[in-house]
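So the protein lines, in turn, are chains A and B.
Numbering that gives the first Met the number 0 puts the first residue of the first sequence at 0, with every later residue one more than the last.
Numbering that gives the first Met the number 0 puts the first residue of the second sequence at 0, with every later residue one more than the last.
Yeah, the Cβ is synthetic: ideal placement off N, Cα and C, and Gly gets one too.
Fair warning: this is a prediction, and the values are worked out from it, not measured in the lab.
Encoded as structure tokens, the structure appears first; notes follow it.
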Amino acid sequence: MSGLSLNGVCKSYGPVNVIKNLDLEVISGEFLVLVGPSGCGKSTLLRMIAGLEEITDGTISIGDRIVNDLPASQRNLSMVFQSYALYPHMSVRKNLAFGLTNLKMSKDEIKRRVDEASEILQIGNLMDRKPRQLSGGQKQRVAIGRAIVREPELFLFDEPLSNLDAELRVQMRVELAGLYNRLGTTMIYVTHDQVEAMTMATRIVVLREGKVEQVGTPYELYNRPQNLFVAGFIGSPKINMLETKCQSGNGASQIEIEDFGSAEIARLGSDSTAITVCVRPENFEINGSGVLSAKGKIVLIEYLGSELYLHLELSSGKRLMIKAPSKAEHLVGDEMSITIDIDNCHYFDEAGLRIEPAKMTEAA
Amino acid sequence: MPDTTIANHELNLASQSVEAKNTNAAEISKQLRANRHKRESRQALLKHLFLGFFAILMLYPLLWMMAASVKPENEIFGNLSIWPSAFHWDNYAHGWNRMQVSFTTFYANSFLVTILSVIGNLISCSFAAYAFARLTFDLKKFWFALMMMTLMIPYHVVLIPQYVLFLELGWVDTYLPLVVPRFLAADAFFIFLMVQFFRQLPRELDEAAMIDGCSPYKIYWAIIMPLSLPAMATAGIFSFIWVWEDFLAPLIYLNDMNNYTVPLALRLFVDQDSQSAFGQMFAMSVLSLVPVILVFVIFQKLIIKGIGMSGLK
């Protein structure tokens, strides 16, 4: 079990810089998830760690070793691919044993490891089947088994659940989390699915255009996003963003939000006059009577069973997403009033960086 | 009339109407089925007549040759009927041993040249194709374009320079000019065929194998080759047929009759003295087709077998 360090790592394809001077420390034994929109470089980064892509600049270290020039097979890591990449012409047993055979391991040791992996993943009854005779979930288990048998220092997962149906994805998510608890090996996991990232990660790295936007626990990312991009990216449904005029005086700031009016809040740690207030869908009070209230018309209702999401159009034409209890009786076209929960707002300056209100800064 | 009676009456009327509609729909459906059946039968008959006509047209020369191989000499060109008046099976026995050298030798020579050529083509072309499809090296596109250009050069253009080269090497009247180029990936068509196939194989397989400790060479042998049976079978079949029936190259490079391949030997029937032996020539021609047909029948299954081999999503 080892940590991983990326120092000043860059990757370019000709004139296109995919990864830009990236620094990252992965703590030994943690489950780190890389998330970001398509094309942000998360899979490229994973492949660079794996040794499948050469890096243009910087160093990658696994444990104490700099592995820049080591081939993939000598980095003591395993990778699970999005498409499983099982060898179609080999049985499950041979798929699991193939890497170990290449390492010239003794037959007894190979058997022990393969049997152990098949027991952990409960694929003992599939060992003589070919990959084409397996379901998607079974293939995924075998792919994970192939990674386990190597007993690596580092596991890499490249969107391993994205080809599974919703039900199986949830099941495999639980199984992967269980596997992590059991093995305790460092895992780096790439996904674009926020639920996967939030539920499995010990820490999440949010990437955009080859740069790290924020690294933190799921709680930190959700509750204290460091910039507007992270605020917008983490959380489903998406956070509501409201352009706001702000005037800061001694000890207080006055904010004015279109449709909602104005309110005095604890002084923001910035002199910006145009800030963005972000409010998560659950941080609105329905039919509330506090300051920063607005009226709007329901234009769409999304019923999710345990809750409702209301698409509300304000008089200015701006649309907001509001979370409501599932038993609330709302109809499309209904007028309703909402109030912003000021204590749970996030503030960002013109550059999109987080601003802490004085109270919160003091509390921290 | 009480309300319930009225309701029942309306219900009866409604159910009668539904029954009538159902009966009507069943009749229409039956009629449509019958029409469709009639139309399809007519189309099928036309298709079969068309295909049958062309099948006979294509097969006629072959059938004629097979018939000629068992006809008496005077009947071959004198009688247009395919069916012989008498079966002269001794054309086969006499034809086999008619030359100073028996056809056993010619067949052995042909098999030697063909099998070595097929092996050479499969190994060298698949190596070259793997390099073009999977490896990165300088000027890859240029070399690929150059290789493709050789497809466009007619064989007859390079015939003389090639002959001079092999003459200088002292290879004339040996099998080396026929076999050695096959081990040097000289057949661009097969390289192109395999490149196209290899490109379809997911790169994740190579990458998984790299992590599993395979070198590019091992990836080729352990992963790419076993998954490429359909492409190999196609290349193998074509290679076998083309080399087996090749007449020009053996004609140029082989002088000693003991080295002749079957197509060259068949020509001897025509070149012989005034005593023609067309029946025997056709008999040997029929026999020369047997290996080609057998190879095709046996290995074509491999082309189909490759489909459905997938360990991917």
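Cutoff 7 angstroms; reference residue i; Cβ partners in own chain excluding five residues on either side
i, result
"Val285 (chain B)", "Met64, Met65 and Ser68"
"Leu291 (chain A)", "Ile256, Phe259, Gly260, Ala262, Thr338, Ile339 and Ile341"
"Trp243 (chain B)", "Ser109, Thr113, Pro290 and Val291"
"Asp317 (chain B)", "Lying before the first or after the last residue shown, residue 317 (chain B) is absent from chain B, which here runs from 0 to 312."
"Leu250 (chain B)", "Leu263"
"Phe298 (chain B)", "Ala232, Gly235 and Ile236"
Three-state secondary structure assigned by DSSP to residue i
i, result
"Arg140 (chain A)", "helix"
"Met186 (chain A)", "strand"
"Pro324 (chain A)", "strand"
"Phe154 (chain A)", "strand"
"Asn222 (chain A)", "helix"
"Leu175 (chain B)", "helix"
"His8 (chain B)", "helix"
"Tyr308 (chain A)", "strand"
"Ala184 (chain B)", "coil"
"Asn254 (chain B)", "coil"
"Asn239 (chain A)", "strand"
"Tyr259 (chain B)", "coil"
"Lys70 (chain B)", "coil"
"Ala14 (chain A)", "Correcting the residue type first, residue 14 (chain A) is Pro in the shown sequence and not Ala. Coil."
"Ser284 (chain B)", "helix"
"Phe30 (chain A)", "strand"
"Thr149 (chain B)", "helix"
"Tyr59 (chain B)", "helix"
"Met224 (chain B)", "helix"
"Ser271 (chain A)", "coil"
"Asn6 (chain A)", "strand"
C-beta contact flag for residue i and residue j at 7 angstroms
i, j, result
"Ala128 (chain B)", "Ile190 (chain B)", "yes"
"Lys114 (chain A)", "Leu45 (chain A)", "Note on residue identity: the sequence assigns Asp, not Lys, to residue 114 (chain A). Result no, Cβ atoms of Asp114 (chain A) and Leu45 (chain A) do not sit closer than 7 angstroms."
"Asn67 (chain A)", "Glu152 (chain A)", "no"
"Met320 (chain A)", "Tyr302 (chain A)", "no"
"Phe182 (chain B)", "Ala132 (chain B)", "no"
"Arg207 (chain A)", "Gly35 (chain A)", "yes"
"Gly98 (chain A)", "Arg140 (chain A)", "no"
"Ala282 (chain B)", "Tyr91 (chain B)", "yes"
"Pro356 (chain A)", "Ala273 (chain A)", "no"
"Gly28 (chain A)", "Gly183 (chain A)", "yes"
Local Cβ density within 10 Å of residue i, reported as buried at 16 or more and exposed below that
i, result
"Ala42 (chain A)", "Rather than Ala, the amino acid found at residue 42 (chain A) in this sequence is Ser. So Ser42 (chain A) ends up on the buried side."
"Pro280 (chain A)", "buried"
"Val17 (chain B)", "exposed"
"Thr185 (chain A)", "buried"
"Ile159 (chain B)", "exposed"
"Gln279 (chain B)", "buried"
"Asp89 (chain B)", "exposed"
"Thr149 (chain B)", "exposed"
"Arg111 (chain A)", "exposed"
"Ala84 (chain A)", "buried"
"Ala207 (chain B)", "buried"
"Arg318 (chain A)", "exposed"
Close-in-space but distant-in-sequence residues of the same chain around residue i (CB under 8 angstroms, 5 per side omitted)
i, result
"Arg131 (chain A)", "Pro87"
"Phe110 (chain B)", "Pro290"
"Phe165 (chain B)", "Val171, Leu175, Pro176 and Tyr252"
"Leu134 (chain B)", "Pro215"
"Pro441 (chain A)", "In this structure chain A extends from 0 to 363, so residue 441 (chain A) is not present and cannot be described."
6 angstroms Cβ shell around residue i - same chain, five flanking residues per side excluded
i, result
"Gly289 (chain A)", "Thr338"
"Ala230 (chain A)", "Pro224, Ile238, Cys277 and His345"
"Glu24 (chain A)", "Ser4"
"Thr382 (chain A)", "The structure shown has nothing for residue 382 (chain A), since chain A only spans 0 to 363."
"Gly310 (chain B)", "Residue placement at Gly310 (chain B) is flagged as unreliable, the pLDDT there being 46, under the threshold of 50; the coordinate-derived value follows with that caveat. Contacts found: none."
Limits of the unbroken beta strand (DSSP E) element including residue i
i, result
"His345 (chain A)", "His345 to Phe347"
"Arg131 (chain A)", "Segment: none, Arg131 (chain A) is in no beta strand (DSSP E) and carries neither H nor E."
"Asp89 (chain B)", "Here Asp89 (chain B) belongs to no beta strand (DSSP E); instead the alpha helix (DSSP H) covers Asp89 to Trp95."
"Glu255 (chain A)", "Ala251 to Ile256"
Opening and closing residue of the alpha helix (DSSP H) in which residue i lies
i, result
"Arg198 (chain B)", "Ala187 to Gln199"
"Arg92 (chain A)", "Val91 to Asn101"
"Ser109 (chain B)", "Phe102 to Arg133"
"Arg266 (chain A)", "From DSSP, Arg266 (chain A) is part of no alpha helix (DSSP H); its letter is neither H nor E."
"Gly231 (chain A)", "Leu227 to Phe232"
"Thr233 (chain B)", "Leu228 to Trp243"
"Ser42 (chain A)", "Lys41 to Ala49"
"Gln161 (chain B)", "Tyr154 to Leu168"
"Tyr216 (chain B)", "Pro215 to Ile218"
Near the ligand GDP: residue i beta-carbon under 6 angstroms from a heavy atom
i, result
"Leu160 (chain A)", "The ligand GDP is absent from the structure shown, which contains no ligands of any kind."
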